[in-house]
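See structure below.
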Amino acid sequence: MIARGIRNHNLLNIRRSPRTRWKGQLAKQTDREFVQFESDLMGYRAAFRILHTYINLYQLHTVHDIIYRWCPPEDGNLTSQYVSMVCNWTGMTERQYINFTDEDRLVALVAAMARVECGVTSPDVQTIREAYHLAIQKS
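Numbering (my numbering), first residue to last: 18 to 156.
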């Protein structure tokens, strides 16, 4: 069985919101909880736009702070395990400072998050990197 996030081209499992219409979001959404995208590229782009908000607006600059916002324990998530896995796979510490201009760290972070969210053991780093570049464009 294919993971829901993979089927939806939403490898970080971004939840649907009536206030948000993502670039690359399918016109017809058949999943009631999670956004469905036209491609992995556009799903990753949306994830980077969310991370941009986390880092630049909410001042969440560490793996710990980002993951605790992304996957809060009050929603029944195993957030501390999520942080540990991401740190293990990226080589970052949970309190290591991350800036949105640090492409390599953010690409590694998103690849690790896709691995946690959907079990993607070999995420397409080139697609993730391309999505980062789309996300930093003004349009």
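Using N, Cα and C, we set each Cβ at its ideal position, and we do this for glycine too.
Using beta-carbon positions only, say whether residue 126 and residue 68 come within less than 9 Å of one another. Indexing the sequence shown from 1 puts residue 126 at position 109. Indexing the sequence shown from 1 puts residue 68 at position 51. In contact: residue 126 and residue 68 (Cβ atoms closer than 9 Å).
Please return the same chain residues whose Cβ sits closer than 6 Å to the Cβ of residue 26, not counting the five positions on each side in sequence. The residue given as residue 26 occupies position 9 in the sequence shown. Cβ within range, chain order: 54, 56, 57, 60.
Consider the Cβ of residue 87: report whether some Cβ of chain C lies at a distance smaller than 9 Å. In the displayed structure, chain C is absent; only one protein chain is listed.
Based on Cα-Cα distance, which residue from 87, 52, 74, 48 lies nearest to residue 36? Position 19 of the sequence shown, counted from the start, is the residue given in the question as residue 36. The residue with the shortest Cα to Cα distance from residue 36 is 52.
Give every residue of the same chain whose Cβ lies closer than 6 Å to the Cβ of residue 46, excluding the five residues on either side of it in the sequence, and list them in chain order. Here residue 46 refers to the residue found at position 29 when the sequence shown is read from its first residue. Same-chain partners within the cutoff: 53.
Label residue 133 either buried or exposed according to how many other C-beta atoms from any shown protein chain fall within 10 Å of its C-beta, with 16 as the threshold for buried. Residue 133 sits at position 116 when you count from the first residue of the sequence shown. Buried: at least 16 other Cβ atoms inside 10 Å.
For the alpha helix (DSSP H) that residue 75 lies in, which residues bound it at each end? The residue labelled residue 75 in the question sits at position 58 within the sequence shown. It is not in any alpha helix (DSSP H) - residue 75 carries neither H nor E in the DSSP assignment.
Endpoints, alpha helix (DSSP H) assigned at residue 50: Taking the sequence shown and counting its residues from 1, one reaches residue 50 at position 33. Premise fails: residue 50 is in no alpha helix (DSSP H) and is neither H nor E.
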